[in-house]
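Notes follow the structure.
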Amino acid sequence: MSRVVVTGQGAVSACGIGADVLTDATQTGVSGVKPIHFADLDAQRVKTAARLSEADLAQVLGEKPHRMREPVAEYALTAAREAVAQAGLTEAHFGDACGVSIGSGFGGGQTLNINYLKLGREGSMRLDPMAVPKIMNNAAASWVSMEFGATGPALCLATACSSGSQSIGMGYQMIASGQVDRCLAGGSEACLESGVFRVWELLRVMTADVNRPFSKNRNGMTLGEGAGILVLESLESAQERGANILCELVGFGTNSDAGDLLRPNPARAAACMRMALKSATLSPDDIGYVNAHGTGTVANDVNEVAALREVFGDDLAGVDISSTKPVHGHALGAAGALEMIVAIGALRRQSVPPTINFTEMDPKIGIDPVANVAKAKPLKAVMSNSLAFGGINATLIAKAYDQG
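Going by the UniProt record's numbering, 228 is the number at position 228 of the sequence shown; the sequence numbering is gapless.
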């Protein structure tokens, strides 16, 4: 089995364009959550989202939007270009030796929304003839593979908010098994559209206030958007071309609750973390920081903390936990990828990012996360968790690269 390293990162998020921009925001606790208004919603209870600024959106989309691409693909392309540039990859490094694994929960949400509205208002003859290639979930993965000439396996996992994490995990497995030398892996989501936003409102899981994971007065999540892409490589490949190695990806676990569609099962989430630890040949004591799924809903936070206690012990001694979703929002299919970049940033900076907006410990879960201010800490290895609707769990573990 080949060792797998990270040689490039790219991100598009409500915090701005760039992986370092995302890491800076999560470390300093500067939120990308902004007001949002949908003119075609007659009643909008939730009025904020972690959306791109107008300037960033214009930079990503360009002066004239591509006829066959919508934001979900453009976000992924922007993040992939950054990651590839940082990794120093050239045309010779792609072809069959490079795979693409980019997940998305919704795919082309903008095109779906626009066409459903036009169908109702104007009839079936006025719809976008390019709707199908824009809507399909694999559009982001396909455009990235075409951009760089990556002709290895091209995958798109649509597993709700585990899509990004599972996609990175699949890239990790392809490289570890020797199927490819490298992979562009992550997730992309552009779902801040009126129809999508309204159905999330109706599910009653979004906050009309502020997102405050683990806090006693938490009352829901904040929806987000963006893309996160990692360049994963075999250690041998990275060394051969003299690449700068950011860290080593050492563990991946994924499983299913096969139970409730919306409520996480603590035992299954704990089993997923143990699976990742086993694949990494690490013990819980080796993990210094966990970037929790931490949505800020009542059900998720209670069950996730119960799972963490099963793995790390009742007192959670030695491990620091935070959720960075109040900064970059819950970006659904991109969430796990953005949060893995955040976790890698914590590892590289030896600093645990805070859970901003935290006010008071909830006695029902009794966790005191790293709150409001980053915490300097020596970190050997970090973990990132995704617990998706549908009962799909994914855990990734990275550690500092050891040349020995």
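We treat Cβ as the ideally placed atom computed from N, Cα and C, and that holds for glycine.
When you compare each of Asp257, Arg349, Gly149 to residue 408 by their alpha carbons, which one comes out closest?
-> Only positions 1 to 404 of the chain appear in this structure, which leaves residue 408 out of reach.
Closest residue to Leu246 among Tyr401, Cys191, Cys161 (Cα-Cα distance) | Tyr401
Give me the Cα-Cα distance between Val319 and Ser351, rounded to the nearest whole angstrom.
-> 13 angstroms
Is it right to say Met68 is buried, meaning 16 or more other beta carbons lie within 10 angstroms of its own, or is it exposed?
-> exposed
What are the boundary residues of the beta strand (DSSP E) that Glu248 is part of?
-> 247-256
Thinking C-alpha only, which one of Leu157, Ala269, Leu127 is nearest Ala141?
-> Leu157
Opening and closing residue of the beta strand (DSSP E) in which Tyr75 lies = No beta strand (DSSP E) holds Tyr75; the alpha helix (DSSP H) holding it covers 71-87.
Check Glu189 in the structure and name its three-state DSSP category.
-> strand
Would you mind sorting Thr295 into buried or exposed? The rule is 16 or more other CB atoms within 10 Å of its CB.
-> buried
Would you check if the distance between the CB atom of Gly103 and the CB atom of Gly187 is smaller than 7 angstroms?
-> yes
Lys399, enclosing beta strand (DSSP E) - first and last residue | 392-399
Can we say the segment 15-30 touches the segment 184-202, given the rule of at least three CB pairs closer than 8 angstroms?
-> no
Hey, would you say Cys98 sits closer than 7 angstroms to Ser386, going by beta carbons?
-> no
Give the DSSP bridge partners of Pro35, in chain order.
-> Thr48
Rounded to whole angstroms, what's the CA-CA distance from Asp248 to Val5? Just pull it up for me.
-> Position check: residue 248 holds Glu in this sequence, whereas Asp was assumed. Taking the straight line from one Cα to the other gives about 4 angstroms.
Proximity to Met273 [Cα-Cα], best of Asp286, Arg263, Leu262, Leu261 | Asp286
Sheet register partners of Arg204 (DSSP bridge) | Bridge partners of Arg204: none, in fact.
Please work out which residues of its chain come closer than 8 angstroms, Cβ to Cβ, to Arg81, disregarding the five sequence neighbours upstream and downstream, and give them in chain order.
-> Gly10, Glu147
DSSP state of Leu22 mapped onto helix, strand, coil | helix
Beta-ladder partner(s) of His330, from DSSP | Leu223
Who are the Cβ neighbours of Phe389 in its own chain at under 6 angstroms, not counting the five residues just before and after it?
-> Ala160, Leu262
Do you know whose CA, among Ile114, Ser145, Val144, lies nearest Met130's CA?
-> Ile114
Comparing the CB of Leu379 with every heavy atom of the ligand HEM, is any distance shorter than 6 angstroms?
-> For the ligand HEM, the structure offers nothing, since it holds no ligand at all.
In terms of alpha-carbon separation, which member of His93, Val210, Ser2 lies closest to Ser31?
-> Val210
Stretch-stretch touch, CB-based, cutoff 8 angstroms, three pairs: the segment 223-232 with the segment 372-382 = no
C-beta atoms of Leu232 and Gly171 nearer than 7 angstroms | yes
Measure the C-alpha to C-alpha separation of Thr7 and Ala238 and round it to an integer number of angstroms.
-> 8 angstroms
With a Cβ-Cβ cutoff of 7 angstroms, do Val250 and Ile344 count as a contact?
-> no
Pull up the CB-CB distance for Gly149 and Phe94, whole angstroms please, since I reckon it's below 8 angstroms.
-> 5 angstroms
For Met136, which of helix, strand or coil comes out of DSSP?
-> coil
Could you spell out where the alpha helix (DSSP H) holding Ser279 opens and where it closes?
-> 266-280
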